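*Asks:* For the sequence shown, the numbering used here gives the first residue as 1, with consecutive numbering after it. Quick one: this structure, given as structure tokens, is what I'll be asking you about.
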Amino acid sequence: MSDVWGDKEYYKGIGKINYEGKDSDNPLAFRYYNPDQVVAGKTMREHFKFAISYWPSFGGNGSDLFGQGTHQFAWNEFREPIQAAKKRADAAFEFISKMGFDYFCFHDYDLVQEGQSFTQSELRLSTMTTYLKEKMDSSGIKVLWGTANCFSNPRYMNGAATNPDFKVLARAAGQVKLAMDATIALDGENYIFWGGREGYMTLLNTDMKRELDHLGKFLAQARDYAREQGFKGNFLIEPKPMEPLKHQYDFDCATTIGFLREYGLEKDFKLNIEVNHATLAQHTFAHELEVASKAGMLGSIDANRGDYHNGWDTSQFPNNVYEVTEAMLVFLKAGGIQGGGVNFDAKIRRNSTDIEDIFLAHIGGADTFARALLTADKIITSSPYESLRQQRYSSFDTGKGKEFEEGKLNFKDLYAIAQENEEIELKSGKQELFENIINRYL
Ligand code: XLS
Ligand code: NI
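Set out below in structure tokens:
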């Protein structure tokens, strides 16, 4: 096993995490996530395709605006960029194998520190792509998606594809090309765009139409380039309403779907839905999944949670089974996600400083999703939930209601029906009953 993670074991004393069932007292075991268990026709492993995010788990050191790093982990101690990148990859692969997950996700400059020049960055990336390819081959771990960090470098302070300076847009395109090349070389299954700086701080200095036209063109060209290179996967946009910007263009799923359709991108692009981004947009996670699913664009999930008392992206690990069960109802009804998986875009707290904390965090997240999936499946297969929901619409199943749905009635026909002046009986929405059904099966 040691060849998978290099010459040093970073997570000493922690072995492979196994499923031990809900009565287990072992904190380093799955209690609900049983990778090979079949639920609704697929194994949990296939449903979720759990992925580790390189950036929150191996990118930071726990520093925040108010204090320096607290995560003093051995792979963080190297300074020479390539050596540091290799040690980080060793630690990441040891961790992913011990978790028993199949995937990881990365930004270009998570893999290796950005160079002093574009050319130096290109070289560094290609060195790391080769290094990772070997580790992937020997471990069987795969890339769920790759992306480019077009938001951290100061050059992107006014946006990347929406920057008013053409030179910045072109630089971003060069960077995205390299990130796509790396994703394709590593057989990445999807490619993501999260527009952290695509939006505005004030409309006073912003030509919104021009910026959005540029973004539309940029994405179309990126797609065409990747397709020419033989990339068959999804392109995914990850909506977020704000933070870092006051207003980001990919505000939520509905806004993003409108944008994709306006610029003719809807065939190749789907959505990557992040729980905490939904919260920031004042939506539930389930709402965002439903909007995407109804448009056939439910592509992938970034799993985390926010703090309902804070107004920012706290990116904590998922632990709210009720909330995730509501989401899993949508997920199962949609037949799962198309091409993507469940990526833990979540970070342990600054004061979670033990080597085992990152395991506990991912175990908790995986168990939350697994427990929610099992609950949602039970609700669908053995409760009246589905039939109650269908019943609410039964007036459209026969007679005039059916004719309306089939487009056989016009507005005057509806007027004639209204004129019949029949007494309309009130029908309860039964919200409390629906809510009780979820609690009963939890
Ligand atoms: C930040 C985003 C980011 C994307 C990838 O809020 O969630 O982590 O997932 O760029
Ligand atoms: Ni994310």
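Even for Gly, the Cβ is constructed at its ideal location relative to N, Cα and C. Note that the coordinates shown come from a computational prediction; the quantities given were computed from them, not determined experimentally.
Measure the C-alpha to C-alpha separation of residue 401 and residue 373 and round it to an integer number of angstroms.
*Replies:* On the sequence shown, residue 401 is found 401 positions in, with the first residue counted as 1. On the sequence shown, residue 373 is found 373 positions in, with the first residue counted as 1. Rounded to whole angstroms, residue 401 to residue 373 spans 34 Å at the Cα level.
*Asks:* Any idea what DSSP makes of residue 83, helix, strand or coil?
*Replies:* As a first step, residue 83 must be located in the sequence shown, where it is residue number 83. In the structure shown, residue 83 sits in a helix (DSSP, three-state: H, G or I).
*Asks:* Going by the C-beta, is residue 252 closer than 6 Å to any heavy atom of the ligand NI?
*Replies:* Reading the sequence shown from its first residue, position 252 is the one you call residue 252. Checking every heavy atom of the ligand NI against the Cβ of residue 252, none is found closer than 6 Å.
*Asks:* Would you mind working out which of 98, 236 and 367 sits nearest residue 22, comparing C-alpha positions?
*Replies:* Taking the first residue of the sequence shown as 1, we reach residue 22 at position 22. Of the listed residues, the one whose Cα sits closest to residue 22 is 367.
*Asks:* Quick one: give me the first and last residue of the beta strand (DSSP E) that residue 112 is part of.
*Replies:* Residue 112 sits at position 112 when you count from the first residue of the sequence shown. No beta strand (DSSP E) contains residue 112, which DSSP labels as neither H nor E.
*Asks:* Using the beta-carbon count (16 or more within 10 Å), is residue 336 buried or exposed?
*Replies:* Numbered from 1 along the sequence shown, position 336 holds the residue referred to as residue 336. The residue is buried, with at least 16 neighbouring Cβ atoms inside 10 Å.
*Asks:* Which stretch, first to last residue, makes up the beta strand (DSSP E) that contains residue 105?
*Replies:* Along the sequence shown, one-based indexing puts residue 105 at 105. Residue 105 -> beta strand (DSSP E) spans 103-107.
*Asks:* Around the C-beta of residue 419, are 16 or more other C-beta atoms found within 10 angstroms, so that it is buried, or is it exposed?
*Replies:* Taking the sequence shown and counting its residues from 1, the one referred to as residue 419 is at position 419. When all chains shown are included, residue 419 counts as exposed.
*Asks:* Cβ of residue 379 within 7 Å of Cβ of residue 308?
*Replies:* The residue you call residue 379 lines up with position 379 of the sequence shown. The residue you call residue 308 lines up with position 308 of the sequence shown. No, the Cβ-Cβ distance between residue 379 and residue 308 is not below 7 Å.
*Asks:* Does at least one heavy atom of the ligand XLS sit under 6 Å from the Cβ of residue 147?
*Replies:* As a first step, residue 147 must be located in the sequence shown, where it is residue number 147. True, at least one ligand heavy atom lies under 6 Å from that Cβ.
*Asks:* Where the beta carbon is closer than 5 Å to any heavy atom of the ligand NI, which residues qualify, in chain order?
*Replies:* In chain order, the residues with a C-beta atom nearer than 5 Å to some heavy atom of the ligand NI are 274, 302 and 345.
*Asks:* Give me the Cβ distance between residue 56 and residue 44, rounded to the nearest whole Å; I'm assuming they're in contact under 8 Å.
*Replies:* Locating residue 56 in the sequence shown gives position 56, counting from the first residue. Locating residue 44 in the sequence shown gives position 44, counting from the first residue. Incorrect: roughly 23 Å between the Cβ atoms, too far for contact.
*Asks:* At the level of alpha carbons, what is the spacing between residue 360 and residue 349?
*Replies:* What you label residue 360 is simply residue 360 of the sequence shown in a count that begins at 1. What you label residue 349 is simply residue 349 of the sequence shown in a count that begins at 1. A straight line joining the alpha-carbon of residue 360 with that of residue 349 spans about 12 Å.
*Asks:* Tell whether a beta-carbon distance below 7 Å holds between residue 239 and residue 224.
*Replies:* Walking along the sequence shown from the start, residue 239 turns up at place 239. Walking along the sequence shown from the start, residue 224 turns up at place 224. Not closer than 7 Å, so no.
*Asks:* In this structure, what does DSSP give as the bridge partners for residue 247?
*Replies:* Here residue 247 refers to the residue found at position 247 when the sequence shown is read from its first residue. The secondary-structure analysis by DSSP pairs residue 247 across a beta bridge with 200.
*Asks:* In this structure, does DSSP put residue 186 in helix, strand or coil?
*Replies:* Translated into positions along the sequence shown, residue 186 becomes position 186. Here residue 186 sits in coil by DSSP.
*Asks:* Strictly by DSSP, which residues pair up with residue 452?
*Replies:* Residue coverage of the chain in this structure runs from 1 to 442, which leaves residue 452 outside it and unanswerable.
*Asks:* Using 6 Å as the cut-off, classify the Cβ of residue 194 as near or not near the heavy atoms of the ligand XLS, replying yes or no.
*Replies:* Counting from one through the sequence shown, the residue named residue 194 turns up at place 194. Indeed, a heavy atom of the ligand XLS lies less than 6 Å from the Cβ.
*Asks:* Please determine whether the Cβ atom of residue 288 lies at a distance below 6 Å from any heavy atom of the ligand XLS.
*Replies:* Taking the sequence shown and counting its residues from 1, one reaches residue 288 at position 288. Because no heavy atom of the ligand XLS lies under 6 Å away, the Cβ of residue 288 does not count as near it: no.
*Asks:* Please classify residue 202 as buried or exposed, where buried requires at least 16 other C-beta atoms within 10 Å of its C-beta.
*Replies:* The sequence position of residue 202 within the sequence shown is 202, counting from 1. Exposed: under 16 other Cβ atoms inside 10 Å.
*Asks:* In whole angstroms, what is the alpha-carbon distance linking residue 235 and residue 265?
*Replies:* Counted from its first residue, the sequence shown places residue 235 at position 235. Counted from its first residue, the sequence shown places residue 265 at position 265. A direct Cα-to-Cα measurement between residue 235 and residue 265 gives close to 10 Å.
*Asks:* Bridge partners of residue 145, per DSSP?
*Replies:* Here the question's residue 145 lines up with position 145 in the sequence shown. Paired residue(s): 105 and 190.
*Asks:* Does the region 136-147 touch the region 86-105, meaning 3 or more C-beta pairs lie closer than 8 Å?
*Replies:* yes
*Asks:* Candidates 87, 20 and 431: which alpha carbon is nearest residue 389's?
*Replies:* Within the sequence shown, numbered from 1, the residue matching residue 389 stands at position 389. That would be 431, whose Cα lies nearest to the Cα of residue 389.
*Asks:* What's the call for residue 282, buried or exposed, on a 16-neighbour Cβ count within 10 Å?
*Replies:* To locate residue 282, count along the sequence shown from 1; it is residue 282. Exposed.
*Asks:* Starting from residue 126, trace the alpha helix (DSSP H) in both directions and tell me its first and last residue.
*Replies:* Within the sequence shown, residue 126 is the residue found at index 126, counting from 1. 118-139 is the extent of the alpha helix (DSSP H) around residue 126.
*Asks:* Reducing DSSP to helix, strand and coil, say where residue 436 ends up.
*Replies:* Start at 1 with the first residue of the sequence shown, and residue 436 comes out as number 436. If DSSP states are grouped into helix, strand and coil, residue 436 belongs with the helices.
*Asks:* So what does residue 288 bridge to, in DSSP terms?
*Replies:* Here residue 288 refers to the residue found at position 288 when the sequence shown is read from its first residue. Residue 288 pairs with nothing; no bridge assigned.
*Asks:* When you compare only the Cα positions, how much space is there between residue 190 and residue 340?
*Replies:* On the sequence shown, position 190 is the one that residue 190 refers to. On the sequence shown, position 340 is the one that residue 340 refers to. Taking C-alpha positions only, residue 190 is separated from residue 340 by approximately 7 Å.
*Asks:* Could you give the DSSP three-state label for residue 9: helix, strand or coil?
*Replies:* Against the sequence shown, residue 9 aligns to sequence position 9. Residue 9: coil per DSSP, three-state reduction.
*Asks:* Assign residue 426 to one of two classes, buried (16 or more other C-beta atoms within 10 Å of its C-beta) or exposed (fewer than that).
*Replies:* Numbered from 1 along the sequence shown, position 426 holds the residue referred to as residue 426. Residue 426 is exposed by the Cβ-count criterion.
*Asks:* Could you name the residues that DSSP lists as bridge partners for residue 363?
*Replies:* For the purposes of this step, residue 363 is taken as residue 363 along the sequence shown, with counting starting at 1. According to DSSP, residue 363 bridges with nothing at all.
*Asks:* May I ask you to report which of helix, strand or coil DSSP gives residue 350?
*Replies:* Looking up residue 350 in the sequence shown gives position 350. Coil.
*Asks:* I want to check one thing, is the minimum distance from the CB of residue 238 to the heavy atoms of the ligand XLS below 6 Å?
*Replies:* Here residue 238 refers to the residue found at position 238 of the sequence shown. Residue 238: yes, Cβ under 6 Å from the ligand XLS.
*Asks:* How far does the alpha helix (DSSP H) with residue 219 in it extend, from its first residue to its last?
*Replies:* The residue labelled residue 219 in the question sits at position 219 within the sequence shown. Per DSSP, residue 219 belongs to the alpha helix (DSSP H) from 208-228.
*Asks:* When burial is assigned at 16 or more other CB atoms within 10 Å of the CB, is residue 315 buried or exposed?
*Replies:* Residue numbering aside, residue 315 sits at position 315 when the sequence shown is read from its first letter. Burial call: buried.
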